[in-house]
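**Student:**
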């Protein structure tokens, strides 16, 4: 009887190890079909918030000064610059004020290149980035990065545009 109990115990331990291992392996974040939307916005757009989504990070490191957008450092962030941007924003008429912010479960970054330069943000709202102010008409290329892509950790995010 003792041998049967020991066999069952060993089987239970092996099954538990397999389940835990499968849970760890399945934590890779996958992009959804509706991710990486493009936007065309002008002042007074409706609904009052435009929302896009995706998965942060990439394989390339970028060093970006965040002091001009409310941050306090020059971090290295991982983005996917060798491929197309995560989102493209077309501003058809200038905004006196527009906010681009990101919500995510982890520490993400925001990099925007537009007609008036390149801006990046990190840790404006806790560990979340935001870029706000006046935006001239034109096309803006947007990447959402993170600090952990090299380790295989990426985060699902929502990119939000609002006039408040």
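Numbering (the numbering used here), first residue to last: 969 to 1132.
For glycine and all other residues, C-beta sits at the position ideal for the given N, C-alpha and C.
#1: Assuming residue 1072 contacts residue 1096 under a Cβ cut-off of 8 Å, what Cβ separation, rounded to an integer in Å, is found between them?
#2: At 3 residues or longer, and completely inside the segment 1045-1123: list those beta strand (DSSP E) runs for me, N to C.
#3: Exposed or buried, what is residue 1093 when buried is set at 16 or more other beta-carbons lying within 10 Å of its beta-carbon?
#4: Enumerate in chain order the residues of its own chain whose CB-to-CB distance from residue 1133 is below 6 Å, with the five nearest sequence positions on each side excluded.
#5: Can you have a look at residue 1129 and say buried or exposed, based on whether 16 or more other CB atoms are within 10 angstroms of its CB?
#6: Alpha carbon to alpha carbon, what distance is there between residue 1132 and residue 1067?
#7: Where does residue 1125 fall in DSSP's three states?
#8: Around the C-beta of residue 1107, are 16 or more other C-beta atoms found within 10 angstroms, so that it is buried, or is it exposed?
#9: Provide the residue(s) that pair with residue 1022 in DSSP beta bridges, ordered along the chain.
#10: Considering only the alpha carbon of each residue, which of 1022, 1017, 1100 and 1011 lies closest to residue 1004?
#11: Taking C-beta to C-beta, are residue 1090 and residue 1081 nearer than 7 Å?
#12: Comparing C-alpha positions only, which one of 1109, 1026, 1098 and 1015 sits nearest to residue 1059?
#13: Rounded to whole angstroms, what is the Cα-Cα separation between residue 993 and residue 1010?
#14: State the Cα-Cα distance for the pair residue 1088 and residue 1028, rounded to the nearest angstrom.
#15: Roughly how many angstroms separate the alpha carbons of residue 1063 and residue 1012, rounded to a whole number?
#16: Can you tell me which of the three DSSP states residue 1027 falls into?
**Tutor:** To lay it out plainly:
#1: At roughly 7 Å, the Cβ-Cβ gap stays under 8 Å, so residue 1072 and residue 1096 are in contact.
#2: Secondary structure remark: continuous beta strand (DSSP E) runs of at least 3 residues inside the segment 1045-1123, in chain order: 1055-1059, 1063-1072, 1076-1082, 1085-1089, 1098-1103 and 1106-1114.
#3: exposed
#4: Any question about residue 1133 goes unanswered here, given that the chain covers just 969 to 1132.
#5: buried
#6: Taking the straight line from one Cα to the other gives about 7 Å.
#7: strand
#8: Counting Cβ neighbours within 10 Å, residue 1107 comes out exposed, since fewer than 16 surround it.
#9: 1125
#10: 1022
#11: no
#12: 1109
#13: Its pLDDT being 38, under 50, residue 993 is placed unreliably in this model, and the value from its coordinates should be taken loosely. Cα to Cα, the separation comes out at about 43 Å.
#14: About 15 Å.
#15: 9 Å
#16: Note: residue 1027 maps to coil in three-state DSSP.
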